[in-house]
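Going left to right, the sequence shown walks through residues 15 to 223 as my numbering numbers them.
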Amino acid sequence: GGGGGTSVLRRTDLLTVSNLRNDGRKADELRRMRIQSGVLSNSCNGSALLEMGLTVVVAAVRGPMDCTRRSDEIHDRAVVNVTVKTAPFAPQDRRVTNPTTDRRLVEQSHQLQQCMEAAILVHLYPKSQIEIVVWILADDGGRLCAAINATTLALVDAGIPLKDLVCACSAGIGAGGGTNQSTTATSTIVDLNRREESFYTSSGQPPVY
């Protein structure tokens, strides 16, 4: 006989019925995380590869070492220099980004620098510098959080003393966050992916970290 009455249940329908987000997670569920230390051991003092879902970053630390210029020295603490870069294949829009002029990269480099300056015992290394470089290899949201977590691991790998381990995770508060949930205006989701970040940014409610 014919199966004319059969309806196809789409993936989005299943997620909605199950009250799950667009990538299948619950509201309070983090993406799967994978960590590997010492991935660049031949070219720096410490390094780490970190995956948060489909977002992948590598952090490298060099130093403490002498400042390139004496005018850069600070007599009672180390200088922390941070650069965040994106691999050419990482951005979804395939834009060529310059870490010295791209507004988002410059802003995230500054935020990462502030975090690490507060965590590193910089007074132990006067008149020296610590150089941190982070490469975004794949970006599916939460890249600043991934950069912070990877940098902390790279600093530990380099043996640089820290006041504490710095960890980061994003969260969004509002109606749904671009998910398939039937949520209220006060609902909260954690560890936002790219689609969820875009929803909050476009709605005037940027995610918090």
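All residues carry an ideal CB built from backbone N, CA and C; glycine is no exception.
Practice task
Classify Ser123 as helix, strand or coil using the three-state DSSP reduction.
Solution key: Three-state result, Ser123: helix.
Practice task
Assign Met47 to one of two classes, buried (16 or more other C-beta atoms within 10 Å of its C-beta) or exposed (fewer than that).
Solution key: Met47 sits exposed, since fewer than 16 C-beta atoms from the chains shown fall within 10 Å of its C-beta.
Exercise for the section: Compare the Cα-Cα distances from Glu43 to each of Leu167, Met79, Ser142 and Met66 and report the closest residue. Expected result: That would be Met66, whose Cα lies nearest to the Cα of Glu43.
Handout entry: Unbroken stretches of the beta strand (DSSP E), 3 residues or longer, contained in the region 160-190
Key = Qualifying beta strand (DSSP E) stretches, in chain order: 185-187.
Handout entry: Three-pair Cβ contact test at 8 Å for the region 97-104 versus the region 140-152
Key = The region 97-104 is in contact with the region 140-152.
Practice task
Inspect the CB distances between the region 117-134 and the region 53-67 and report whether three or more fall short of 8 Å.
Solution key: Contact fails: fewer than three Cβ-Cβ distances are below 8 Å.
Handout entry: Buried or exposed (CB count within 10 angstroms, at least 16 for buried), Leu126
Key = With 16 or more other CB atoms across the displayed protein chains lying within 10 angstroms of its CB, Leu126 is buried.
Exercise for the section: Compare the C-alpha of Cys81 against each of Leu176, Lys141, Ile162 and Arg208 and name the closest. Expected result: Of Leu176, Lys141, Ile162 and Arg208, the residue nearest in Cα terms is Lys141.
Problem - Extent of the continuous beta strand (DSSP E) to which Glu145 belongs - result: Glu145 -> beta strand (DSSP E) spans Ser142 to Ala152.
Problem - Classification of Thr202 by the beta-carbon crowding that lies within 10 angstroms, buried from 16 upward - result: Per the 10 Å Cβ criterion, exposed.
Practice task
Please work out which residues of its chain come closer than 8 Å, Cβ to Cβ, to Cys181, disregarding the five sequence neighbours upstream and downstream, and give them in chain order.
Solution key: Closer than 8 Å at the Cβ level, and outside the excluded window around Cys181, lie Ile162, Asn163 and Thr166.
Problem - Between the CA atoms of Met79 and Ala199 - distance to the nearest angstrom - result: Unreliable placement is indicated for Ala199, whose pLDDT of 48 sits below 50; no coordinate value is reported for it.
Problem - Ser55 - DSSP class collapsed to helix/strand/coil - result: It is coil, neither helix nor strand.
Handout entry: Endpoints, beta strand (DSSP E) assigned at Gly60
Key = Note, Gly60: beta strand (DSSP E), Gly60 to Met66.
Problem - Opening and closing residue of the beta strand (DSSP E) in which Val70 lies - result: Unbroken beta strand (DSSP E) run through Val70: Thr69 to Asp80.
Practice task
Rounded to whole angstroms, what's the CA-CA distance from Ala41 to Ser212? Just pull it up for me.
Solution key: Rounded to the nearest angstrom, the two C-alpha atoms are 17 Å apart.
Exercise for the section: Please report how far the alpha carbon of Gly60 lies from the alpha carbon of Val75, in whole angstroms. Expected result: One C-alpha to the other measures close to 5 Å.
Problem - Local conformation of Arg118 per DSSP, three classes - result: In the structure shown, Arg118 sits in a helix (DSSP, three-state: H, G or I).
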